[in-house]
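Notes to accompany the following structure.
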Amino acid sequence: MHISIRSTYLFVYYFVMAGFIFAQPYKFERLSVDQGLAQNSVLSIYQDSRGFLWFCTMGGLTRYDGYSCRNIMASDSEGYLTDNLVHCIYETDSCFYIGTSRLTNCINKYNGQQSLLNMLGIGSIAADARGRLWFGSQALGLYMKDPRSKDIKHFKFNPKDSTSLNNNHILALFIDRHQVLWIGTRAGGLCRLNLADSLYRFSTLQHDPKNPASLSHNYVSAICADSAGRLWIATKGGGLNRLNSDGTFTHFFNTPNHPLKDISSLLFDKDKNALWIGTRRNGLFCYYLSDRQKPRLLNFQYNPDDPYSISNNSIHALYKDRSGIIWIGTYGGGVNKLIAKKRKIKTHLFQRKSKDTADLNSAWSFYEDRSGNIWVGTNTGLGRIGRDGVKRFFSLKDQIPNIASFQIRDITSDTSGKLWMAILPAGLGRFDPQNGKLKMYQPAQIPADSLFFYTIYRDNTGRIWIGTNQSGLIAFNPATEEFFYYNLSTVRPVQIPQKIWVTCVQGDPRGFLWVGTWGHGLYQIHVEKGIIRHYKHNKNRPGSLNNDVILSIAPGRDAVWCGTYGFGLDKLDRNTGQFIHYTTKNGLPDNVIYSIVKDDLGKIWLTTNKGLSCFSPEKETFVNYDARDGLLCNEFNMGAGFKTSDGRLFFGEPNGTISVLPSNIINSYPPQVVLTEFKKFGKPEPLSPFRKIEKIKISYSDYMITFGFAALHFKNSLKNRYTFTLEGFDKGWIDNSYRREATYTNLDPGEYVFRVKAANSDGVWNEKGASVQLIITPPFWRTWWFYSANLFLILALAYLLHRIHLARALQIERIKNMERERLRRQMAADFHDELGHRVTKISLLSKLLTTHLHKNEKNKIQECLNHIGKHTDSLFAEMREFVWELDPEKDTLYDLMAQLKGFSDTLFENTEIAFQIIGLDNRTEKISLPMNWRQNLLRIFKEGMHNILKHAKNCSSVLLEIQLSDHVLKLVLSDDGEGFDPAKVKNGNGLKNMKERAKTINGTLEIESRIKTGTRLIFKTKLP
């Protein structure tokens, strides 16, 4: 056994020494007090159920959301901490437990209530399968809190009990898959407690100098288990131990002065099948448990000249979050986030052998040969990347004479395996990989200084199509070595090349050739069938091509993707002929699309001036990658995109080549989304760092509010994306890009729900997201009690008004009755006066008639009879008029006009005067007139007609006109007589009485007359 342990020491020591040079593929991002950390000595790290990271420091507790730190101090008014020396934090279903150098804080997650547990110096916490919590004190032993009984049991060292805890200074707790609690102590070795033992009997595993298979040291600083369930024990002074199934220990790194002799922290990484080991002075180590991994041990140490090295060599804490990121807490150097430099975006560079090959890495084109080699066209020749990763470069400068610089812009091959290349500005080249020889082909019709060949495509007949600048589309027959020039408008060979720039040429599964141009749009052609279809931008057609400058195309059976210069990505639906446009407004990083490559997962990859973009046609979302993700730079070369047979994607940049395997690049872990802040008028409101905020209640006067949120995915936090909506206000989801705030102003009082969703830097969305209910209380005048009080007041007022209205109606009715009684008396008096006058005359005439009869005076008799008949007719007419005035069914304006018409017919019967009423329509039947109105209007216009009959000389026509407008009645009686001068005529009693009558019914009466133009009697009043 001693020999095997010694062999292990020698083997590991060799790799420890070698490990320093193998640590380069990683870099560290630092988080310190400069970025908001409470203090730079970090004792433990923890991720809670919501996704927040917690850093326990020697100067307070820090909650981290990937963007900013929120620090909790003992001096805070909330009183969350009893001391700023925070050892650990642990979350259960209901509470947070915080271990400090003093009492333990317990904070309820739901109501925020706090309590103090009488457990001092808690440095580690663990929970078993029954929900019991185990607290390890650094000086006072072990505590157990049962959530059902809420009792706390205390276990301490008892020298008289061999089954008691053997040491009170606990440094580590670990519960394995068999529900065994392992306790690491400062000087008592490793303690073991079977959690099924109701008697709580402890057993001890300690260092025995006489037994090389015992624990290497009694100072146990950390414990973890690997995926096989084997226990690993870190010690201070004894290196690393593995507990075997037979109860023996295997020792690692336990030689004198070994860098891993003093271990402070330990973490098993399931993804790597490795142990991360933190030391007190020698930095961080990664030990691979599989001997197939070479090297097995990596070391990371602080380098003052490297800002991406680990910040301090004293490691206190190690933690792996849910997305797989390793976090390192140091003593004095803050927190470090470990990032692998070997990102899922790989770079490929060729070694420069001389100054003449300075531009050999600027990649313009790619091609995969039958052997799986990738050929790269550059500024100086061809690079080859073998399937085994071995690179070789073929300089072609000596084989292209008289050209100072060139670019291999596109590559294809023939059936013999020879490569055909569009070489700018040399023409068409054929390269033989077997002997490295290049043969050039140059069409005679194109001047040597105009051989601007940009793109080539070999169709299924073996014909090579060439896109050029200033020479249009050219076809080359390799068998005859002849060039043919095509006019894109006719798809027929021509003698003179077409003077346009063809930027890209591709074929599709249907046998069509797709040709992109600079300034002339997109062509779809079929040479054999003579089919031509031309797509151009039309500003009057939203479904047309977005721009006529096409840099790249990717045709498919149902859709053709087009990359434009400055106008983003276009998708042509081949069934409808309509284009759909995608620009920076939709998530593209830039609107210049240099190349388009479709991967095997259905995604579309685009190169731009601002990085690489992956587009999901299904979700219509973009995921963007830049230099922070592993690109050599953010700019790409035109047309430099290619997919290999095994699904890898190659892209060319000015500085070299990158490749991507789409199935590996995406981190599929969606981010947890949390509400981090709530502001009123730009000022943060106090929110508990431990509670999930489910409801926010504000006043209507808080008319400007801001929600702050975060996606807790720490790979590349600055590239996490957000979308939000306020239910009850927004009509849909609002894309917020990378911004982490949403501001609303002047919201109406009521209830809303704010929802936010987020995606990680690889575009994987958490569709559930986070939500919070927002209640905006209304002003008092918009509350239910105010509405109720108002309703009561309105009802009371309505009742009061009803009573007043009823009393007034009764009073009005009494007044009306009195007025009707007065009118009756007046009418009776008038009737008595008028009829009494007539009757008196008839009586006198009757007596006179008797006298004339006795005297037999025939002439006198006839005269008396005539007078009696006249007075009798007048009496009859006045009685009819009196009855009409009293008839309540004859109260409309129409009835009044009918009465006046009857009067006029009688009055003007034996004259040549024609009477006519104008404006008599249905409205007059709906206008009711009080009795006194009818009486007075009848008197006024009867008098007016009598005056016409008496004074209007040469009158032949009389008009009574009715005018109704805005509840105003206007009656005009006019004649066409001689007229008179009102200034020379004195007003008699008749006109005075007429005006008095008009005034009685709140009207006015005016007379207009001029010599030779007739007279107008105008009455005007508001209708009752």
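For the numbering used here, count along the sequence shown from 1 and bump the result up by 13. Ideal Cβ positions, reconstructed from N, Cα and C, are used throughout, including at glycine.
Rounded to whole angstroms, the separation of the alpha carbons of Ile246 and Ser229 is 9 Å.
With a cut-off of 8 Å on Cβ pairs, the segment 721-732 is in contact with the segment 72-90, counting three or more such pairs. Annotation: Met958 to Ser917 spans about 7 Å, alpha carbon to alpha carbon.
Check the Cα spacing between Ser278 and each of Ile328, Gly251 and Phe41: the tightest is with Ile328.
Between the segment 909-926 and the segment 1003-1010 there are fewer than three inter-stretch CB-CB distances shorter than 8 Å, so the stretches are not counted as touching. The beta carbon of Phe109 sits closer than 7 Å to the beta carbons of Ile102, Ile120, Lys122 and Phe703 from its chain, once the five residues preceding and following it are set aside; these are given in chain order. Cα atoms of Asn53 and Lys40: separation of roughly 19 Å, rounded to the nearest angstrom. Here the alpha carbons of Gly92 and Asn118 stand approximately 9 Å from one another. Gly449 has its alpha-carbon roughly 16 Å from the corresponding atom of Asp427.
Comparing C-alpha distances from Val515 to each of Leu564, Val348 and Ala461 shows the shortest one belongs to Leu564. Beta-carbon to beta-carbon, Phe407 and Pro456 are separated by about 25 Å, too far to satisfy the 8 Å threshold. With 16 or more other CB atoms across the displayed protein chains lying within 10 angstroms of its CB, Gly149 is buried. Remark: C-beta atoms of Ser162 and Phe170 do not approach each other more closely than 8 Å.
Taking C-beta atoms under 8 Å as the contact rule, Gly396 and Leu373 qualify, at a distance of about 7 Å. In the same chain as Arg43, and ignoring 5 residues on each side of it, the C-beta atoms closer than 7 Å to its own belong to Ser324, Gly347 and Asn349, in chain order. In the three-state reduction of the DSSP assignment, Lys873 falls in the helix class.
Between the alpha carbons of Leu256 and Asp239 lies a distance of about 11 Å.
Annotation for Tyr77: the continuous beta strand (DSSP E) segment containing it runs Gly73 to Tyr77. Counting along the chain, Trp195 sits inside the beta strand (DSSP E) bounded by residues Val193 to Thr198. The alpha-carbon of Gly695 is positioned some 32 Å away from that of Ser107. Distance from the CA atom of Ile593 to the CA atom of Arg554, rounded to whole angstroms, is 12 Å.
Of the other Cβ atoms in all chains shown, 16 or more fall within 10 Å of the Cβ of Ser987; this residue is therefore buried.
Ala809 sits exposed, since fewer than 16 C-beta atoms from the chains shown fall within 10 Å of its C-beta. Taking every protein chain shown into account, the CB of Lys829 has fewer than 16 other CB atoms within 10 angstroms, so this residue is exposed.
In this structure, Pro792 and Pro943 do not form a Cβ contact; the two beta carbons are roughly 49 Å apart against a cut-off of 8 Å. Counting only the Cα atoms, Gly782 lies some 21 Å from Asn637. Looking at Ile290, Thr261, Gly337 and Leu297, the one whose alpha-carbon comes closest to that of Asp284 is Gly337. Rounded to the nearest angstrom, the Cβ distance from Gly342 to Phe68 is 7 Å, consistent with a contact under 8 Å.
Within a 10 Å sphere around the beta-carbon of Asp659 sit fewer than 16 other beta-carbons, which makes this residue exposed. Straight-line spacing of the CA atoms in Arg443 and Leu437 works out to 14 Å.
For Thr391, the closest of Asp89, Val985, Ala653 and Ile961 by C-alpha to C-alpha distance is Ala653.
Taken through DSSP and simplified to helix, strand or coil, Ile509 comes out as coil. Cβ contact annotation for Ile416 (same chain, cutoff 6 Å, sequence separation greater than five): Ala439, in chain order.
Rounded to whole angstroms, the gap between the alpha carbons of Tyr751 and Lys611 is 26 Å.
According to DSSP, Gly721 shares a beta bridge with Glu690 and Glu754. Distance between Tyr578 and Asp603, taken at the CA atoms: about 10 Å.
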